[in-house]
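J.: Everything in the sequence shown is counted per this note's numbering, starting at 944 for the first residue and increasing by one. A virtual CB, placed ideally from N, CA and C, is assigned to each residue, including glycine.
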Amino acid sequence: MSNTRVTGAAAPERIELKARKVSFDWEETPLHWVPGDPFTTHTINVLHLLLPAGERWFVHVYRQALPYVRDDRLREDVIGFIGQEAVHSQAHDDVLPHLKRLGLDPTPYTAQVDWLFEKLLGDRTLPPGRARRWWLMERVALIAAIEHYTAFLGDWVLGAEELDRRGADPVMLDLLRWHGAEEVEHRSVAFDLFTHLDGGYRRRVRTWATAFSALVFLWQRGARFFMENDPSLPGGKASVRDFVVRGRQGVLPSTPDMLRSIPRYLSRSYHPSQEGDTERAVAYLASSPAAGGGH
């Protein structure tokens, strides 16, 4: 059953977005932080490979977009989004040295991800005017598509009780749920910014196709990279079947739920306020040990 709430209700009450100071101690977190399940561990660990560079890129693009924002409330939301994404990037980046200490060096993969965001999707030498604005709008639309999935994943992990039942590391779960809750909290900002600056339906569809294809490609490559380079798994392999089975078990997102999220984003009437559970996200943020709520 899906954790994502899809309703026809009006947008939830506006929340003031703020970056929260967080602190995680990785000293006791084992390599396989979902006990006895390296595949689930490493599939989720791909977040630590993609998000530091990806969220730095979000921040960079949004700083370029801010001068075009003509709505004061949206401007405040974008500034709050930038603050949260910068903290997310750093928090996931801080996991990588711990993985390296445990014998799993992520550098070969993160170097490729850095190239993707900094070079392929980075700033281009374009003349001021239409060409430069076109490239900015393409990237704003790409971020809106990606944020559809980060909010989907955030809402999923907040309700993924099977991970608790299997004894997943509480520090890693807190990182994922704190981050996931903030993704749900700010889930409308990227789409609202895209709508405000452009909102073209063809652009939305085109950039969704690019974002979805890139995420699937990067995620399966990342899971394979981790499984093949895990020092405790000689000949470790990752397969689509493993992903589908873990989705049925509830330790990874369900494949049917993920597929059903596609037509929702492509619907002309789509708005992110129809997705997710704001109350659950806010409640988690109030109790998260890392965000100070658990003290």
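Count the other C-beta atoms from every protein chain shown that fall within 10 angstroms of the C-beta of T983, then say buried if there are 16 or more, exposed otherwise.
T.: Position 40 of the sequence shown holds residue 983. Counting Cβ neighbours within 10 Å, T983 comes out buried, since at least 16 surround it.
J.: Pair every Cβ in the segment 1216 to 1224 with every Cβ in the segment 1164 to 1178, then say whether three or more of these pairs are closer than 8 Å.
T.: No, they do not touch.
J.: What does a CB cutoff of less than 6 Å around L1085 pick up in its chain, not counting 5 residues either side in sequence?
T.: Position 142 of the sequence shown, counting from 1, holds the residue named residue 1085. Hits under 6 Å: T1150 and A1154.
J.: Short of 7 Å in beta carbon distance, which residues of its chain neighbour L1195, apart from the five on each side in sequence? Order them along the chain.
T.: Against the sequence shown, residue 1195 aligns to sequence position 252. Excluding residues within five positions, the ones whose Cβ falls inside 7 Å are T983, T986, F1186 and R1189.
J.: Let me know the secondary structure DSSP gives T947 once reduced to three states.
T.: The count along the sequence shown starts at 1 and reaches residue 947 at position 4. Residue placement at T947 is flagged as unreliable, the pLDDT there being 42, under the threshold of 50; the coordinate-derived value follows with that caveat. In this structure, T947 counts as coil in the three-state DSSP scheme.
J.: Would you kindly work out how many angstroms separate the C-alpha atoms of A1181 and N1172, rounded to a whole number?
T.: Position 238 of the sequence shown, counted from the first residue, corresponds to residue 1181. Position 229 of the sequence shown, counted from the first residue, corresponds to residue 1172. Taking the straight line joining both Cα atoms gives about 11 Å.
J.: Kindly confirm or deny that the segment 1031 to 1038 and the segment 998 to 1010 touch, where touching means at least three C-beta pairs closer than 8 Å.
T.: Output reads yes: the segment 998 to 1010 touches the segment 1031 to 1038.
J.: Kindly indicate which three-state DSSP category S1204 falls into: helix, strand or coil?
T.: In the sequence shown, residue 1204 corresponds to position 261, counting from 1. Reduced to three states, the DSSP call for S1204 is helix.
J.: Check each candidate in A962, P1206, F1168 and L1059 and name the one with the smallest Cα separation from A1157.
T.: What you label residue 1157 is simply residue 214 of the sequence shown in a count that begins at 1. Among A962, P1206, F1168 and L1059, the Cα nearest to that of A1157 belongs to L1059.
J.: Where does Y1144 land, buried or exposed, given buried means 16+ other C-beta within 10 angstroms?
T.: Working through the sequence shown from its first residue, we reach residue 1144 at position 201. Classification for Y1144: exposed.
J.: Quick one: Cα of V1002 to Cα of A1226, how far?
T.: Position 59 of the sequence shown, counting from 1, holds the residue named residue 1002. Position 283 of the sequence shown, counting from 1, holds the residue named residue 1226. Approximately 26 Å, taken between the alpha carbons.
J.: Alpha helix (DSSP H) containing G1143: first to last residue?
T.: Reading the sequence shown from its first residue, position 200 is the one you call residue 1143. G1143 -> no alpha helix (DSSP H), and no H or E assigned at all.
J.: Compare the C-alpha of F1095 against each of D1200, F1024 and D968 and name the closest.
T.: The residue given as residue 1095 occupies position 152 in the sequence shown. Taking only the C-alpha atoms, the option nearest F1095 is D1200.
J.: Straight-line CA distance for P1233 to P1070?
T.: Position 290 of the sequence shown, counting from 1, holds the residue named residue 1233. Position 127 of the sequence shown, counting from 1, holds the residue named residue 1070. Note that residue 1233 corresponds to Ala in the displayed sequence, not to Pro. When rounded, the distance between both Cα atoms is 45 Å.
J.: Which same chain residues end up closer than 7 Å to Q1027 when comparing Cβ atoms and leaving out the 5 residues on each side of it in sequence?
T.: In the sequence shown, the residue the question calls residue 1027 occupies position 84. Excluding residues within five positions, the ones whose Cβ falls inside 7 Å are L960, A962, E1125 and H1129.
J.: Mapping DSSP to helix, strand and coil, what is Y1213?
T.: On the sequence shown, position 270 is the one that residue 1213 refers to. In the structure shown, Y1213 sits in coil (DSSP, three-state: anything other than H, G, I, E or B).
J.: Would you call the segment 1109 to 1122 and the segment 964 to 975 in contact, with 3 or more CB pairs under 8 Å?
T.: With the cut-off at 8 Å, the segment 1109 to 1122 and the segment 964 to 975 touch.
J.: Considering only residues of the same chain and omitting the five flanking positions on each side of D1107, which have a CB-CB separation below 8 Å?
T.: By one-based count along the sequence shown, residue 1107 stands at place 164. These residues qualify, in order along the chain: L1116.
J.: What span of residues does the alpha helix (DSSP H) with H1091 cover, start to end?
T.: The residue given as residue 1091 occupies position 148 in the sequence shown. It spans R1073 to L1101 - the alpha helix (DSSP H) in which H1091 sits, taken as one unbroken run.
J.: What number of angstroms, rounded off, separates the C-alpha of Y1213 from the C-alpha of R1016?
T.: On the sequence shown, residue 1213 is found 270 positions in, with the first residue counted as 1. On the sequence shown, residue 1016 is found 73 positions in, with the first residue counted as 1. The straight-line gap from Cα to Cα measures roughly 21 Å.
J.: Assuming P981 contacts L1119 under a Cβ cut-off of 8 Å, what Cβ separation, rounded to an integer in Å, is found between them?
T.: Counted from its first residue, the sequence shown places residue 981 at position 38. Counted from its first residue, the sequence shown places residue 1119 at position 176. That pair is no contact at about 17 Å.
J.: Nearest CA to the CA of Y1052: which residue from G1179, P1206 and F1168?
T.: Position 109 of the sequence shown, counted from the start, is the residue given in the question as residue 1052. The residue with the shortest Cα to Cα distance from Y1052 is F1168.
J.: Taking the alpha helix (DSSP H) that L1106 belongs to, which residues open and close that run?
T.: The count along the sequence shown starts at 1 and reaches residue 1106 at position 163. Looking at the DSSP string, the run of the alpha helix (DSSP H) that includes L1106 is E1104 to R1108.
J.: DSSP three-state label for V1225, please.
T.: As a first step, residue 1225 is located in the sequence shown; it is residue number 282 there, counting from the start. Helix, per DSSP.
J.: Would V977 be called buried (16 or more neighbouring beta carbons within 10 Å of its own) or exposed?
T.: Here the question's residue 977 lines up with position 34 in the sequence shown. That one is buried.
J.: Beta-carbon separation of L993 and V1083 under 7 Å?
T.: As a position in the sequence shown, residue 993 is number 50, starting the count at 1. As a position in the sequence shown, residue 1083 is number 140, starting the count at 1. Against a cut-off of 7 Å, the Cβ pair of V1083 and L993 comes out as no contact.
J.: Does the Cβ of R1013 have 16 or more other Cβ atoms within 10 Å, making it buried, or fewer, making it exposed?
T.: Taking the sequence shown and counting its residues from 1, one reaches residue 1013 at position 70. Answer is exposed; the Cβ neighbour count stays below 16.
J.: What residues in its chain sit with their C-beta under 8 Å from that of V1021, if we drop five residues either side in the sequence?
T.: Locating residue 1021 in the sequence shown gives position 78, counting from the first residue. Answer for V1021: Y1005, A1008, L1009, V1012, V1132 and L1136, listed in chain order.
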